[in-house]
Amino acid sequence: MPDNNIGLEIAEYKAELKKNVDASGKQLLNGKHLQSKLSSKVANMLFRELTRAIAIAFH
């Protein structure tokens, strides 16, 4: 992963998702579910950065 703010944000989000456990300590999200959440996060971040770039370009 890139060593920048976006890479750090993704790593923190992944760690946050992995901390979600049930009463017995078993992870609530893993495998495909975790990957799906991370993919959604990346898509949202891309959209956020695109809108920022457009706002700067047309400001």
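Residue numbers (full-length UniProt numbering): 1 to 59. Every residue gets a Cβ at the ideal spot worked out from N, C-alpha and C, and that includes glycine.
I'd like to check one pair, L38 with K14: are the Cβ atoms closer than 8 angstroms? Within the sequence shown, numbered from 1, the residue matching residue 14 stands at position 14. Within the sequence shown, numbered from 1, the residue matching residue 38 stands at position 38. Against a cut-off of 8 angstroms, the Cβ pair of L38 and K14 comes out as a contact.
Report the option in L8, N20, S24 whose CA atom is closest to the CA atom of H33. The sequence position of residue 33 within the sequence shown is 33, counting from 1. Looking at the Cα atoms, N20 is the closest of the given residues.
Alpha carbon of N4 to alpha carbon of R48, nearest angstrom: Taking the sequence shown and counting its residues from 1, the one referred to as residue 4 is at position 4. Taking the sequence shown and counting its residues from 1, the one referred to as residue 48 is at position 48. Their Cα atoms are separated by approximately 16 angstroms.
My understanding is that Q27 touches K41, with C-beta atoms under 8 angstroms, so please give their C-beta distance in whole angstroms. In the sequence shown, the residue the question calls residue 27 occupies position 27. In the sequence shown, the residue the question calls residue 41 occupies position 41. Their Cβ separation, rounded to whole angstroms, is 17 angstroms, which puts Q27 and K41 out of contact at 8 angstroms.
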